[in-house]
Amino acid sequence: MGGAFARIWLTAGGLWVGTTYGWSHRLGFPALVAVLAAAGALVLRRRPFTRLAAIFSVAVLIGAVGAGLRTQRTAPVEAMAHGVPSCTMSGRIVEATGLGTLAAVRHLSCDGWAPIDRPGSVFLDVRGHPGGTVQAEGWLIPLTEDPFDVARRRAGGDAAFAPTTVDVQGPRGGVFALAASIRTGLERATAALDPRVAALVQGLTLGDADSLDPASVERFRSAGLAHLLAVSGTNVAIVLGTVAVAARRLPHKLRITAGGATLVLFVVVVGPDPSVLRAAAMGGIGLIAL
Numbered sequence: 001m002g003g004a005f006a007r008i009w010l011t012a013g014g015l016w017v018g019t020t021y022g023w024s025h026r027l028g029f030p031a032l033v034a035v036l037a038a039a040g041a042l043v044l045r046r047r048p049f050t051r052l053a054a055i056f057s058v059a060v061l062i063g064a065v066g067a068g069l070r071t072q073r074t075a076p077v078e079a080m081a082h083g084v085p086s087c088t089m090s091g092r093i094v095e096a097t098g099l100g101t102l103a104a105v106r107h108l109s110c111d112g113w114a115p116i117d118r119p120g121s122v123f124l125d126v127r128g129h130p131g132g133t134v135q136a137e138g139w140l141i142p143l144t145e146d147p148f149d150v151a152r153r154r155a156g157g158d159a160a161f162a163p164t165t166v167d168v169q170g171p172r173g174g175v176f177a178l179a180a181s182i183r184t185g186l187e188r189a190t191a192a193l194d195p196r197v198a199a200l201v202q203g204l205t206l207g208d209a210d211s212l213d214p215a216s217v218e219r220f221r222s223a224g225l226a227h228l229l230a231v232s233g234t235n236v237a238i239v240l241g242t243v244a245v246a247a248r249r250l251p252h253k254l255r256i257t258a259g260g261a262t263l264v265l266f267v268v269v270v271g272p273d274p275s276v277l278r279a280a281a282m283g284g285i286g287l288i289a290l
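In terms of our numbering, the sequence shown opens at residue 1 and continues consecutively.
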C-alpha cells in the first residue's frame, strides 16, 4: 500500500513540476528529464528506488511537454482570418462538441494569401467524428471576444470557417473508427426514444448536454446533480471497474494494459474536454499505482 501511495504522489508531483517549471528552460530541462526518464526505464525492473525515479521523471517530462505545447502554439490562420477571405481548406477532425466541429487544417488556400500547410485549427458548424476528414469552401472568420468565441478559443480554435460547400468523411479505421461506431450505435439505440430522454442519455453517458433543453439542465443544477451531465472521475471509475471485473482472470500486466487502452478509447469517444482529460489523468494515476 505504501508503494502505491508513493507512486501516486510521485506521478502527481512530477506532473506539477514539469508543468510549472519544465518549459521555462526551453531545451535544457526537457532534454535532461528525457535522459533521466530513459535511464530510469533501463533499470525499471531492478530496484524499487529506480522504478520510482523513472515514474517521477516520466511524469515531469509529460508535464513539461504539455506546458510547451500550450506556450509555443502559434497560428497563421488567426491573422489570415481578419480580412474574412474566401478560402478552400482541408483538414482532419479533432473534436466534435456543442461549440462545433474542431478541425486541424492541413491545407488552406485563401484569396490574397499564399497557400499554406498546417496553419492552425478552425471550428465549423458541421457534423463529424474525430479522426474523420473535412474539405470545404467558404469564408474564414476571426474569433471575437464574444463568450461563445472565447469558449471556442479555449477549446483550441484559432478561427471559424463558414462553409458554402463541405464534404465530411468519417474515420476509416483504427481507434477513431471504433469510437465513431460506438457513438453512432448509441445514437441509433436512442433514436426511438423521446427526444428529451435521448438527450438525457447522451448527457449521462457521454457528457454531451448540448441537446438538453435549458429547463432540464436547470433542474439538474437545482438538485445539485449537474455533475452527472459532465464526464468526471465517477464515469472513469465505472468504466475501469467494469474492465477490471471483465479482465480479472488475466495476468496483472494484461489487466493494466486493458485499463490503459480503455482510458484512451474513453477519451476518444467522449472527446478531450478538460473535465474528461482530468478524469482520465486521475484514472491513469490509479493504474500507475497498481
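A virtual CB, placed ideally from N, CA and C, is assigned to each residue, including glycine. From a predicted model like this one, the values you see are computed outputs, not experimental measurements.
_Option in Arg219, Leu287, Leu193 and Val231 with minimal Cα separation from Asp208_ = Val231
*Determine the extent of the alpha helix (DSSP H) in which Val236 is found, giving its start and end residues.*
Looking at the DSSP string, the run of the alpha helix (DSSP H) that includes Val236 is Gly233 to Ala246.
_Short Cβ contact (8 Å threshold) for Gly120 with Pro85_ = no
*Buried versus exposed call for His129 [16 or more other C-beta atoms within 10 Å across all chains shown]*: buried
*Look at the alpha carbon of Asp125 and the alpha carbon of Leu240, and state the distance between them as a whole number of angstroms.*
33 Å
*asked:* Can you tell me whether Asp146 is buried or exposed? The criterion is at least 16 other CB atoms within 10 Å of its CB, across all chains shown.
replied: exposed
*Distance, Ala199 Cα to Glu187 Cα*: 10 Å
*How is Ala103 classed by DSSP in three states: helix, strand or coil?*
strand
*Bridge partners of Glu137, per DSSP?*
Answer by DSSP bridge pairing, in chain order: Thr88 and Thr165.
*asked:* Is the beta carbon of Val122 closer than 8 Å to that of Gly157?
replied: yes
*With a threshold of 16 other CB atoms inside 10 Å of the CB of Thr101, please say whether the residue is buried or exposed.*
buried
*May I have the straight-line CA-CA distance separating Met282 from Ala103, to the nearest angstrom?*
27 Å
*Within its chain, find whatever has a CB closer than 7 Å to the CB of Leu99; leave out the 5 residues flanking it on each side and keep chain order.*
Excluding five sequence positions before and after Leu99, the CB atoms of its chain that fall closer than 7 Å to its own CB belong to Phe123, Ala151, Arg152 and Ala155, given in chain order.
*Are Val243 and Thr257 closer than 8 Å when you measure CB to CB?*
no
*Spatial neighbours of Pro163 within its chain, please: CB distance less than 7 Å, with the 5 preceding and 5 following residues excluded, ordered by chain position.*
Leu124, Val126, Ala136, Glu137 and Gly138
*Is Pro76 closer than 8 Å to Ile116 when the C-beta atoms are compared?*
yes
*For Pro171, count neighbouring Cβ atoms within 10 angstroms of its own Cβ and tell me buried if that reaches 16, exposed if not.*
buried
*What do you get for Arg250, buried or exposed, if any count of 16 or more other CB atoms within 10 angstroms of its CB means buried?*
Checking the sequence shown, residue 250 turns out to be Leu, not Arg. Exposed is the call here.
*Decide if Glu95 is buried, meaning its Cβ has at least 16 other Cβ atoms within 10 Å, or exposed.*
buried
_Between the CA atoms of Gly203 and Val270 - distance to the nearest angstrom_ = 10 Å
*asked:* Considering just the uninterrupted stretch of the beta strand (DSSP E) at Asp117, what are its terminal residues?
replied: Ile116 to Leu124
_Contact check, Leu229 vs Phe220, beta carbons under 8 Å_ = yes
*Distance, Gly286 Cα to Leu254 Cα*: Spanning the two alpha carbons is a distance of roughly 15 Å.
_Separation of Arg92 from Asp149, as counted between CA atoms_ = 21 Å
*According to DSSP, is Ser216 helix, strand or coil?*
helix
*At which residues does the alpha helix (DSSP H) containing His252 begin and terminate?*
His252 to Val270
*Roughly how many whole angstroms lie between the Cα atoms of Thr71 and Met89?*
Legend: pLDDT at Thr71 = 45, less than 50; position of this residue unreliable, value from coordinates given subsequently. Each residue's Cα considered, the two are about 26 Å apart.
*Would you mind listing the beta strand (DSSP E) stretches within the region 165-200 that are 3+ residues and don't spill past its ends, in chain order?*
Annotation: the region 165-200 contains no complete segment of the beta strand (DSSP E) (minimum length 3 residues).
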